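Everything below concerns the one structure shown next.
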Amino acid sequence: MKRLQYEIVRVVVPLLILAGGVIGFRVLGVKEVAHQEAPVKSAPLVETVAAVDSGGKFTMEVDGVSVPYRQVTLSAEIDGRITSKTAEARAGRYVTAGTPLLEIDPTNYQLEIDRLQAQLDQTDAELTSIKVQQANVKELIKLAEEDAKLQRQELERASRLFRTGAATETVLDTAKGKELTARKSWQTYLNEGLVLEEREKSDTAGRALFAAQLELARENLKRTRIVAPLTGTIVEDSVEADDFVRRGDPLVRISDSEHIEIKSSLTAEELYWVWMDAGVMTCDKPPSVTERYELPQTPVEVVFEFKGVEYTWNGKLSRYEGAGIDLQTRTVPCRIVVEQPTEVRSQSLVGGEPAALPALYTGMYLAIRIPIEVPLELVEIPINGLRPGNQVWVACDGVLTIREVQVVRTEDDRVLVLAEANGIQQGDQIVISPLSNVEDGMQVRESRITTPQPVIATMETRPVEETVAEAEVTPPARAGAER
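With the working numbering applied, the sequence shown corresponds to residues 5 to 487, in that order.
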């Protein structure tokens, strides 16, 4: 009996323990799952900037380098030895028009003037003598003419008497001889008068020759003094005192400083805007032949920045350099002229008084600002508001819409787009914040700002394609963090 009880206890007790463990695990191990509601996803916060009407005006900026407007090489116009060279004739010196530079030995040219002057005086004396002789011969011709007339009458009287027998043949012959002598004398004086006239013509021509030679000698004497023909800077001096120079030898070279040219290049797009600003690119008025091949005389500003001070000169587009597009840069070389390089405006960019006004030297790297005004409705947006594919995100009443725009020009930190009914208009709120997973019609929260921060701090104008490529949307990881 006891053994049976022992076996029952030995079997039942483990089963009870096992059953209790299972019941306890189920009771204590199963936890009721609390009901959780799905979180409400809030609309992303975006910064927006209003599109601004540009009035069809904008400013293009290109680079350029100043070059001489003209360089004049002074050469010797006569032969001779350099007797003096002034300090102003040294390279690098600034000279004004009329400044003496060099002098060639004038001795031979002064002697030539004296010789020709003496010949001229001699010729004048000969002409005076001829005039006196002509006056005398003129009187002798009158007397000879009267004598010949008288002898002719005497011959006629002797002939009548001879026919009537009142005079002998000897008397007739004597009358004939006197008449012949008188006529011969008259003809001699006439011939002498003609000779004097020819001598007068010859001496007059000789005097003109001597006068011309004398004038040339005087000019050669003036050419012994070399003076600056223009205001500018001596860029090269080729001779020294006591050098012997011949006609045509270079002496000094002067760079004109009264005008300065800027060498620059325009892209096809920039040239298009210049033409449109000048009214050349209009359908109702075809350009003339001159307008097709001449650069419009558009006013520009030439700017040089140095140590926080901006210096500005007024200039104008002058001409093309060459007759086509540069094969390497694919731009159109052109020249800008600054006609008043001394009239400069200065503005301090860092505060304080501007420094002394600089001179517009050749070789300076400059910025050329070309103001453009076109008959188009253009709106201005920040460059970080332009998305790849020329798309713009516009926020209106908490809804984001994606619109495609026609980019007109990209410069600095802004983009000019054409105002269109299905594009953007003045006052539209442009999203400038980066977003990921953007969909047309998605909900957004607007944070309007009045002055967007520039994302490109440069003064260089670049093509639209390069700027758009830099305005890529921020990667999703960053966008998610901001959200």
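Ideal Cβ positions, reconstructed from N, Cα and C, are used throughout, including at glycine. Just so it is clear, the structure is predicted and the values come from calculations on it, not from any experiment.
Given residue i as reference, the closest of the options once Cα atoms are compared
i, options, result
"Trp317", "Thr63, Ile372, Thr366", "Ile372"
"Thr52", "Leu390, Ile230, Asp444", "Leu390"
"Leu220", "Arg164, Ile117, Leu165", "Ile117"
"Glu443", "Thr235, Thr302, Val403", "Val403"
"Gln157", "Lys142, Ala179, Arg229", "Ala179"
"Leu370", "Thr77, Ile266, Thr237", "Ile266"
"Gly448", "Ile406, Leu420, Arg222, Ala93", "Reading the sequence as shown, one finds Val at residue 448 and not Gly. The residue with the shortest Cα to Cα distance from Val448 is Ile406."
"Ile145", "Ala282, Glu244, Asn195, Gly445", "Asn195"
"Thr302", "Leu331, Phe310, Val341", "Val341"
"Pro345", "Gln191, Ser70, Gly59", "Ser70"
"Thr185", "Pro72, Thr294, Leu154", "Leu154"
"Ser58", "Glu381, Gly326, Gly427", "Glu381"
"Ala95", "Leu213, Arg452, Val239", "Val239"
"Arg364", "Thr237, Thr127, Lys135, Arg203", "Going by the sequence as given, residue 364 is Leu instead of Arg. The shortest C-alpha separation from Leu364 is found at Thr237."
"Glu325", "Leu270, Val306, Glu309, Ser163", "Leu270"
"Asp151", "Val175, Lys188, Thr168, Ala272", "Lys188"
"Ile134", "Gly169, Ser206, Ala47, Val66", "Ser206"
Beta-carbon proximity of residue i to residue j, cut-off 8 Å
i, j, result
"Ile387", "Thr414", "yes"
"Gln429", "Ala55", "yes"
"Asp241", "Arg74", "no"
"Ile258", "Val304", "no"
"Val50", "Ser292", "no"
Sequence-distant residues of its chain with Cβ nearer than 6 Å to residue i (five each side left out)
i, result
"Met280", "Val378"
"Glu274", "Met64"
"Leu422", "Gln410, Val412"
"Arg349", "Thr316"
"Arg85", "Asp109, Phe248"
"Arg323", "Leu299, Arg339"
"Thr295", "With the sequence shown as reference, residue 295 is identified as Glu, and Thr is not the correct amino acid for it. Answer for Glu295: Val284, listed in chain order."
"Arg97", "Ile238"
Same chain, Cβ closer than 8 Å to residue i, neighbours up to 5 away in sequence not counted
i, result
"Cys400", "Asp432, Gln433"
"Ile82", "Ile108, Tyr113, Asn224, Arg227, Thr228, Arg251"
"Leu234", "Val76, Ala101, Ile258, Asp260, Glu262"
"Gly197", "Gln138, Val141, Lys142, Ile145"
"Glu244", "Ile86, Lys89"
"Arg161", "Ala179"
"Glu173", "Phe166"
DSSP-derived helix/strand/coil call for residue i
i, result
"Gly236", "strand"
"Asn112", "helix"
"Pro18", "helix"
"Met280", "helix"
"Glu265", "strand"
"Leu390", "strand"
"Glu107", "strand"
"Gln3", "What the structure shows of the chain is the stretch from 5 to 487, and residue 3 is not part of that stretch, so it cannot be assessed."
"Leu255", "strand"
"Glu201", "helix"
"Gly84", "strand"
"Gln332", "coil"
"Val99", "strand"
DSSP bridge partner residues for residue i (one or two, in chain order)
i, result
"Gln433", "Ala54, Ala399"
"Trp317", "Val306, Val348"
"Ala371", "Asp67, Val307"
"Pro337", "Ser269"
"Pro72", "Ile264"
"Val419", "Ile385, Thr414"
"Asp241", "Val256"
"Phe248", "Arg85"
Closer than 7 Å: residue i CB and nearest the ligand GDP heavy atom
i, result
"Gln114", "Among the components modelled here there is no ligand, and therefore nothing to report on the ligand GDP."
Contacting residues, own chain, Cβ-Cβ under 7 Å from residue i (five flanking each side not counted)
i, result
"Leu105", "Thr90, Glu92, Ala93, Ile230, Val231, Ala232, Val256"
"Leu159", "Ala179, Lys180, Glu183"
"Phe214", "Leu120, Gln123, Leu124, Thr127"
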